[in-house]
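Heads up: the sequence shown begins at 20 in this note's numbering, then just goes up one per residue. All C-beta atoms, glycine included, are put in the ideal place defined by N, C-alpha and C. Since we're looking at a predicted model, the values are computed, not measured. Beneath this line is the structure, given in structure tokens, with notes to follow.
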Amino acid sequence: MDWKPTAFQTPATLSETIYLTLKKAIIDGEIKPGQRLQEKEIATLFSASSTPVREAFFRLSAEKYLVITARKEVLVQDATLEEVQELYEIVRVLDKFAVRNALKTIRKDGVETLRTMTRELGRLRDAGDHPGYLEQNLSIHDVIWRSCANAFLYEILTELMAKIGIYRRKFGLPPFSSPAALEKSYQDHRNLLLFIETGNLEGLEKLIDAHWGEEFIIS
């Protein structure tokens with residue numbers, strides 16, 4: 020196995036350390052979809068026995084980052100484009116719930132932050148920096164989700180986006196390579212800011228229904 024952990028986090032237990040380190044490596048693309056993990060090899064990397072490794076594997080399997088087969092093989096979860104679209108369907112539903120809460124709780128400085136971020140989004144769009152645009156796009160949504168004052172909802176949404184990111188890298192899809200998709204995304208974000216500024220929940224919900232998934236459109 021080529022992957023080696025670059026840094027260990029130091030939570031309460033060794034099992035938690037292995038779990039967090041493997042999860043980050045999968046999300047960051049250091050360990051790829053379909054790759055097989057060997058229990059003994061991981062145990063050696065962490066100077067651990069099999070027990071904490073197995074505990075970490077079971078936890079990651081429950082969260083759909085790993086698959087443990089009937090033959091006890093441990094594989095990084097894989098997915099099709101259709102399954103990624105199913106993840107987006109869940110994001111759409113939860114995002115509407117999040118913005119409904121965010122409209123009630125977001126502060127003036129939060130709205131000003133979104134204004135600044137949206138201006139930067141426009142600069143990245145004009146510069147043709149598609150990876151930078153995608154990162155800024157997701158950061159804007161992160162600010163809104165943090166404003167919803169629901170830690171569990173925020174955690175679920177960020178987990179879903181992390182999984183979508185795994186498969187975006189797997190399929191090698193260039194973000195917003197279609198000019199039409201890029202333009203629609205930017206106009207959506209301008210309207211997103213406007214609707215938040217004016218408290219227009221109906222407009223926000225309609226926008227969200229049509230917003231997610233543009234970066235998977237290929238010219």
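Taking K123 as reference, the option from L220, A146, L133 with the minimal CA-CA separation is L220. Where I163 is concerned, there is no enclosing beta strand (DSSP E), although the alpha helix (DSSP H) around it starts and stops at 149-165. Counting along the chain, the unbroken beta strand (DSSP E) around I87 starts and ends at 85-87.
Remark: three or more beta-carbon pairs, one from each stretch, lie closer than 8 Å, so the stretch 114-123 and the stretch 209-224 are flagged as touching. Cβ contact annotation for G48 (same chain, cutoff 6 Å, sequence separation greater than five): R188, in chain order.
The continuous beta strand (DSSP E) containing L94 extends over residues 93-95.
Bridge partners of L56 according to DSSP: V93.
Rounded to the nearest angstrom, the Cβ distance from I50 to A181 is 13 Å, too far for a contact under 8 Å.
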